[in-house]
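One structure is given here, and the rest of the page talks about it.
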Amino acid sequence: MNDAEDSARAQEILSDLRHSIDNLDAILVHTLAERFKCTQEVGRLKVTFGLPPADPARETRQIARLEKLAEDAGLDPVFAKKFLRFIVDEVIRHHQQMQD
Ligand SMILES: O=C(O)C(=O)C[C@]1(C(=O)O)C=C[C@@H](O)C=C1
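According to full-length UniProt numbering, the residues represented by the sequence shown are 1 to 100, in order.
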């Protein structure tokens with residue numbers, strides 16, 4: 001292959017990979033939206049029954065489960081843990097707002 005063909009092939013592979021990335025990003029966004037719908041319901045339930053916005057014991061179990069899932073899936077468990085923390089902190093913020 002000459003340089004021009006190599007470059008065209010590289011562009012083709014890059015384009016295919018970016019197409020997969022776009023699809024996966026869409027799945028992530030839709031999955032997160034569904035998760036936030038569930039946590040909004042949890043928030044309403046917590047308001048109704050006077051439960052606290054956060055449940056640290058539940059979070060400990062979630063983190064342990066997610067770390068194992070990440071390891072099995074070949075994802076960095078430290079990253080998976082940080083990602084869950086980021087999401088759960090946002091959920092707790094929503095729950096606090098609902099209780100104010
Ligand atoms: O399970 C709950 O009680 C929730 O409020 C949901 C959730 C979560 O986003 O997974 C958020 C906050 C809690 O600290 C624990 C878990």
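Idealized CB from N, CA, C, for every residue including glycine. Note that the structure is predicted; figures quoted are calculated from it, not measured.
Of the listed residues the options, nearest to residue i (C-alpha basis)
i	options	result
residue 87	18, 38 and 74	38
residue 59	51, 41, 34 and 92	92
residue 100	50, 79, 12 and 78	50
residue 96	14, 9, 52 and 16	52
residue 82	36, 73, 66 and 94	66
residue 90	25, 26 and 40	40
Cutoff 7 angstroms; reference residue i; Cβ partners in own chain excluding five residues on either side
i	result
residue 54	92
Residues of its chain near residue i, where Cβ-Cβ distance is below 8 angstroms and the 5 sequence neighbours each way are ignored
i	result
residue 71	77
- Secondary structure, alpha helix (DSSP H): runs of 4+ residues fully inside the UniProt domain "Chorismate mutase" (8-99): 56-73 and 77-99
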